[in-house]
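Start counting the sequence shown at 1; every next residue gets the next number (full-length UniProt numbering).
By construction, the Cβ of each residue, glycine as well, lies at the ideal position given by its N, Cα and C atoms.
Comments concern the structure below.
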Amino acid sequence: MGHVAGFLARHSPLPRGRDRLALWAAALGAAPEPIDFVRSDFGHTLQIDPEVFFYRHAYFTGVYEPGISRLLRAVLQAGDICADVGANIGWHTLAMAAAVGEQGRVFAFEPVPKTFRLLKANIARNGLDGVVAAENLAVSKGPGQAMVHVPGDAPLTHASLSRPERVIDSFVVATVSLDHYLAERGFNHVDFIKIDVEGAEQLVLRGAHSLLSSFNPPSLVVEAAAATSEGFGYRPNDLLDQIAAANAYAFFIIHEATGRLTPLARFPESHVGANVLALPAARPQVMNRLLRANLAA
1 MGHVAGFLAR HSPLPRGRDR LALWAAALGA APEPIDFVRS DFGHTLQIDP
51 EVFFYRHAYF TGVYEPGISR LLRAVLQAGD ICADVGANIG WHTLAMAAAV
101 GEQGRVFAFE PVPKTFRLLK ANIARNGLDG VVAAENLAVS KGPGQAMVHV
151 PGDAPLTHAS LSRPERVIDS FVVATVSLDH YLAERGFNHV DFIKIDVEGA
201 EQLVLRGAHS LLSSFNPPSL VVEAAAATSE GFGYRPNDLL DQIAAANAYA
251 FFIIHEATGR LTPLARFPES HVGANVLALP AARPQVMNRL LRANLAA
């Protein structure tokens, strides 16, 4: 039954039906063994870990976090400088590289060694070594060291500086701040930063204060999730406050499937959080691109 669902998922002309079939097929383990490579909807080939449910799902659809992928295409343009903090195997890293082209630059950070090896392999496989600089580092508030914990339920996608209940591995990793790392390499600004670090987003923002408070601050996509931020003693609204204290930003919730934006003042106290776009007032041209892409109203 699972293999039937998998076949239908790969060939369904209807996106909604394809997604539902893919979820069913992935849950049933219908993909061929082993699933070594996935062809993405933006034309790249990625090596994956078949044990991760999200990547089994992507095998059938070619899509991973489609809302963010669509947003990246609208926000980024040729020549942009980007940082992918929590790059994982590089799905969004490669999308950024495709958008910014050879004139642009993407700095990708992934602290988990096994995941980092897949990231490096995927960058090389798609001929993007000249655009992407990958670092086996954890981005934080400054240079130093930190302990990273790998949970048993999702080892490649949920490694965190906060210790979960079930840990299958822990290791020490070097840390760096974005301000320090980029300044050392002669970059005094970036155009875009994606941050998905399982609750350590607040630490990353502290280490990017100079970038955020500059006259040309970056657009941000930040995971603001109560489930992960609680392990660090803060709530999603604290991230909004931290960004707003650095510069004039407008906030939007990113729809998971479509990338459509909903204006956000603050999360209700009981809200679980969401992926958030923080758009600086200093970059009205980005909003214009979002409007043209029909992602904002």
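What three-state label does DSSP hand residue i in the structure shown?
i, result
"valine 131", "coil"
"leucine 291", "helix"
"glutamine 77", "coil"
"valine 286", "helix"
"alanine 58", "helix"
"alanine 22", "Residue placement at alanine 22 is flagged as unreliable, the pLDDT there being 45, under the threshold of 50; the coordinate-derived value follows with that caveat. Correct three-state label for alanine 22: helix."
"arginine 10", "Reliability fails at arginine 10, whose pLDDT of 48 lies under 50, so the model's placement of it is uncertain and no value is given."
"methionine 1", "Residue placement at methionine 1 is poorly supported in this model, since its pLDDT is 46, which falls under 50; the coordinates still yield a value, given next. Coil at methionine 1, not helix or strand."
"proline 66", "helix"
"valine 52", "coil"
"leucine 28", "Only weak support is given to the placement of leucine 28: the predicted model assigns it a pLDDT of 47, under 50, and the value that follows is read from those uncertain coordinates. Looking at leucine 28 - three-state DSSP - the assignment turns out to be coil, as it is neither helix nor strand."
Taking CB distances under 7 Å as the criterion, tell me whether residue i reaches chain B.
i, result
"glycine 127", "Among the protein chains of the structure shown there is no chain B, as only one such chain exists."
Out of the options, state which residue places its alpha-carbon closest to the alpha-carbon of residue i.
i, options, result
"lysine 194", "Ala87, Arg70, Glu65, Glu184", "Ala87"
"residue 357", "Asp41, Arg39, Val106, Arg206", "The first residue shown for the chain is 1 and the last is 297, placing residue 357 beyond what the model contains."
"alanine 265", "Gln285, Glu256, Pro236, Glu110", "Pro236"
"alanine 225", "Tyr234, Ala183, Arg39, Gly127", "Tyr234"
"valine 172", "Asn136, Leu205, Ala108, Val190", "Asn136"
"alanine 183", "Ala174, Ala274, Ser210, Leu220", "Ser210"
"alanine 108", "Leu295, Asp80, Lys120", "Lys120"
"proline 284", "Pro217, Ala146, Arg260", "Pro217"
"serine 140", "Thr175, Glu230, Phe267", "Thr175"
"threonine 115", "Glu51, Leu72, Gln145, His57", "Glu51"
"aspartate 80", "Gly67, Leu72, Val100, Gly62", "Val100"
"leucine 178", "Asp169, His189, Glu230", "His189"
"glycine 127", "Thr93, Pro113, Ala146", "Thr93"
"valine 63", "His255, Asp84, Leu46, Asp41", "Asp41"
"valine 276", "Val286, Ile68, Pro113, Asp84", "Ile68"
"glutamate 65", "Thr228, Ala257, Leu220, Glu198", "Ala257"
"glutamate 223", "Gly273, Leu290, His180, Ser214", "Gly273"
"serine 270", "Leu290, Ala134, Glu230, Ala297", "Glu230"
"serine 219", "Phe54, Ser170, Leu290", "Leu290"
Pull up the DSSP beta-bridge partners for residue i, would you.
i, result
"leucine 46", "Val38"
"alanine 278", "Leu220, Phe251"
"glycine 273", "Ala225"
Does the ligand GTP have a heavy atom nearer than 6 Å to the CB of residue i?
i, result
"alanine 200", "Of the ligands one can find in the structure shown there are none, so the ligand GTP has no counterpart to examine."
What whole-angstrom Cβ distance do residue i and residue j have, given they're in contact under 8 Å?
i, j, result
"isoleucine 123", "glycine 90", "6 Å"
"phenylalanine 251", "alanine 278", "6 Å"
"alanine 78", "glycine 43", "With 8 Å as the limit, alanine 78 and glycine 43 do not qualify as a contact, their Cβ atoms being about 17 Å apart."
"leucine 205", "leucine 239", "7 Å"
"alanine 74", "alanine 293", "4 Å"
"leucine 72", "methionine 96", "6 Å"
"phenylalanine 215", "cysteine 82", "Actually they do not touch by this definition, with Cβ atoms about 19 Å apart."
"valine 150", "alanine 138", "Actually they are not in contact, since the Cβ atoms of valine 150 and alanine 138 sit about 13 Å apart, beyond 8 Å."
"alanine 248", "proline 280", "7 Å"
Checklist entry - Which whole runs of the alpha helix (DSSP H) in the region 230 to 263 are 4 residues long or more, in chain order? => result 236 to 246
Next on the checklist: Suppose only complete runs of 4+ residues qualify. What are the alpha helix (DSSP H) ranges in the UniProt domain "Methyltransferase FkbM" (84 to 230), listed by chain order?
Outcome noted: 91 to 100, 113 to 125, 178 to 184, 201 to 206, 209 to 212, 226 to 229
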